[in-house]
Each structure stands twice: as structure tokens, then as C-alpha cells.
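Everything in the sequence shown is counted per the UniProt record's numbering, starting at 1 for the first residue and increasing by one.
A virtual CB, placed ideally from N, CA and C, is assigned to each residue, including glycine.
Keep in mind it's a predicted model, so treat the numbers as computed, not measured.
Each remark here refers to the structure printed beneath this line.
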Amino acid sequence: MTESACSTDHILCTWGVAREFGGVQALRGVDLHVTRGSITGLIGPNGSGKTTLFQVISGMDRGATGSISFDGEPILGRRPSQIYQRGLARTFQLSRVFPELTVLENLVVAGSRHDRSVRERALGLLERVRLRDYAGARGKNLSYGQQKLVEFLRVLMSDPALILLDEPAAGVNPTLRQTLWDMVRHLNGLGTTFLVIEHNMEVIADLCSSVYVLSEGEIIAHGDFAAIRNDERVLEAYFGKKRKPATA
Numbered sequence: 001m002t003e004s005a006c007s008t009d010h011i012l013c014t015w016g017v018a019r020e021f022g023g024v025q026a027l028r029g030v031d032l033h034v035t036r037g038s039i040t041g042l043i044g045p046n047g048s049g050k051t052t053l054f055q056v057i058s059g060m061d062r063g064a065t066g067s068i069s070f071d072g073e074p075i076l077g078r079r080p081s082q083i084y085q086r087g088l089a090r091t092f093q094l095s096r097v098f099p100e101l102t103v104l105e106n107l108v109v110a111g112s113r114h115d116r117s118v119r120e121r122a123l124g125l126l127e128r129v130r131l132r133d134y135a136g137a138r139g140k141n142l143s144y145g146q147q148k149l150v151e152f153l154r155v156l157m158s159d160p161a162l163i164l165l166d167e168p169a170a171g172v173n174p175t176l177r178q179t180l181w182d183m184v185r186h187l188n189g190l191g192t193t194f195l196v197i198e199h200n201m202e203v204i205a206d207l208c209s210s211v212y213v214l215s216e217g218e219i220i221a222h223g224d225f226a227a228i229r230n231d232e233r234v235l236e237a238y239f240g241k242k243r244k245p246a247t248a
């Protein structure tokens with residue numbers, strides 16, 4: 001993909017993004033584009049570079065080469081706070097709630113203003129995921145699944161245009177997992193764009209209109225789920241050998 005291929009329909013584009021660690025190429029010329037208002041999936045075997053790509057896009061890792069555009073502006077090499085302020089936020093594989101703060105404080109601290117409206121927004125989000133009764137509980141006293149939900153809600157406090165979700169449902173019980181995905185669908189219906197790393201292929205098939213497959217740091221396939229699930233390169237990356245593509 002060339003830089004000219006990134007239109008106003010695309011909220012995020014990367015071109016030739018590469019990252020090396022001690023001679024090991026973690027990312028190899030990654031090109032992808034995320035359509036504004038979409039839920040786009042990013043899948044691949046363990047160690048394929050998915051989280052590294054999120055680190056680079058979000059500014060947590062500033063050692064990559066190539067180009068990244070978010071909402072029409074170059075962001076590669078910018079500080080995480082600058083990227084966050086532009087409207088790009090992310091979650092992490094492991095929960096990062098503040099253990100000694102209350103659930104409500106965990107959300108309010110991420111608000112752009114410290115006034116009553118921020119508190120009301122936080123309580124409204126907690127109500128939506130049925131965690132309002134836990135507003136006064138300390139983060140460390142929540143279950144792991146509840147902590148993951150609180151981290152997701154904290155991201156929402158800045159009202160981002162694009163959210164990177166890094167395995168948000170990992171380790172979460174089925175009830176909370178469904179609550180999370182319902183929230184993603186709701187927000188997407190309101191216009192929020194998502195780029196999602198997720199190992200559950202049923203979720204990817206159900207949620208995502210477009211899917212990228214990363215293997216050994218390279219994009220090896222892109223399309224809708226029906227197309228990529230029958231791609232021989234994808235089958236080989238996941239299973240280590242060529243398999244007969246599935247039939248409809």
C-alpha cells in the first residue's frame with residue numbers, strides 16, 4: 001500500500017513499519033489501513049508482532065521506522081500523551097488499573113476535566129456495564145475480568161476516535177466478556193473505530209468487517225473473515241503446514 005492509498009475514509013494507515021530488536025526483525029514493512037467507523041481485526045499466531053505493532057502505533061515504542069498516519073496527521077515517533085490527546089487510545093493484554101484507587105477514581109483520573117460532568121460520565125459508564133455498585137471498591141479488590149472492564153471504561157473517558165483493543169476478553173468470564181463485546185458494538189454504532197487483537201475466531205468473525213493477519217512480523221493476508229479463513233498462507237502460519245481450505 002502506498003501513502004496515496006490512505007484516503008479520508010481511513011482513520012489509521014501504516015506504511016512500511018519495521019521494528020528490530022537485537023537483530024531480530026519483529027515487524028517487517030507492515031502496511032495496513034483502518035476504515036473510519038469500522039471494527040477491524042488483527043490476528044496471528046503468538047509472537048507474530050501484534051502487540052509490538054500496537055506499541056508502535058500508540059507511541060509506547062518509538063524505535064520503529066516507516067510511516068503512520070492517524071486522522072490525517074503523522075504520529076510515528078510522537079509521545080504516547082500526544083497521540084492520546086489526538087484521540088487514539090488503547091488497552092493492554094494485562095490489566096492496568098490503579099490498585100489503590102477506587103473504581104470511580106480510576107475512571108475520573110482519565111477524564112479531560114475534573115468536574116461534576118466527568119464524575120457523572122464515569123458513573124454512567126459503570127452503570128452501563130453493571131459495575132456502578134463497585135464505584136467505591138478499590139481496584140485491587142476487583143476480579144480480573146472486572147479490572148479489564150474498568151480499564152476499558154477508563155479508555156472511554158477521553159472519548160477517543162480510535163481504540164486499540166489488545167486481547168480485551170482474555171481471562172474474562174463469559175458474562176463479562178459478552179458485556180464487553182456488547183459495549184464495543186454500541187460504541188461502534190455511535191461512530192467509534194476499533195482495531196482489535198483477539199484469538200477467538202468466532203468473535204473476529206462476528207465483530208469485524210475487515211481482518212489483517214500478521215505472521216513473523218509481516219501482513220500475510222487481508223480481507224473479510226470468510227476470505228482469510230480459507231487463505232493457504234493463513235492456514236500454514238497457524239498450523240505449520242498447508243491444509244485443505246474449509247468449504248462454505
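- Closest by C-alpha distance to TYR212, out of GLY23, GLY77, ALA18 and LEU53, is LEU53.
- HIS186 sits in a helix when the DSSP states are folded into three classes.
- Taking all protein chains in view, the Cβ of ARG90 is crowded by 16 or more other Cβ atoms within 10 Å, so the residue is classified as buried.
- Around the Cβ of HIS186, a 10 Å sphere holds fewer than 16 other Cβ atoms; the residue is exposed.
- By the criterion of a C-beta distance shorter than 6 Å, SER209 is surrounded in its chain by SER38, once the five residues flanking it on both sides are discounted.
- With three or more CB-CB distances shorter than 8 Å, the segment 12-26 counts as touching the segment 58-73.
- Assignment of beta strand (DSSP E) within the segment 95-173, counting only whole runs of 3 or more residues, yields 162-166 in chain order.
- Contact annotation: LEU156 and VAL150 have beta-carbon atoms that are not nearer than 8 Å.
- Here the alpha carbon of ASP231 sits roughly 18 Å from the alpha carbon of ASP31.
- Assigned with DSSP and collapsed to three states, ILE68 falls in strand.
- Residue range 80-86 is occupied by the alpha helix (DSSP H) that includes SER81.
- With distances taken between CA atoms, CYS13 lies nearest to GLY72 out of LEU164, LEU104, GLY72 and PHE239.
- ASP9 is classed as exposed because its beta carbon has fewer than 16 other beta carbons within 10 Å across all chains shown.
- Counting only residues of its own chain and dropping the five nearest sequence neighbours on each side, VAL172 has a CB closer than 6 Å to the CB of GLY145 and LYS148.
- The C-beta distance from LEU101 to GLY139 rounds to 6 Å, short enough to fall under 8 Å.
- In the same chain as ILE75, and ignoring 5 residues on each side of it, the C-beta atoms closer than 6 Å to its own belong to ILE68 and ILE83, in chain order.
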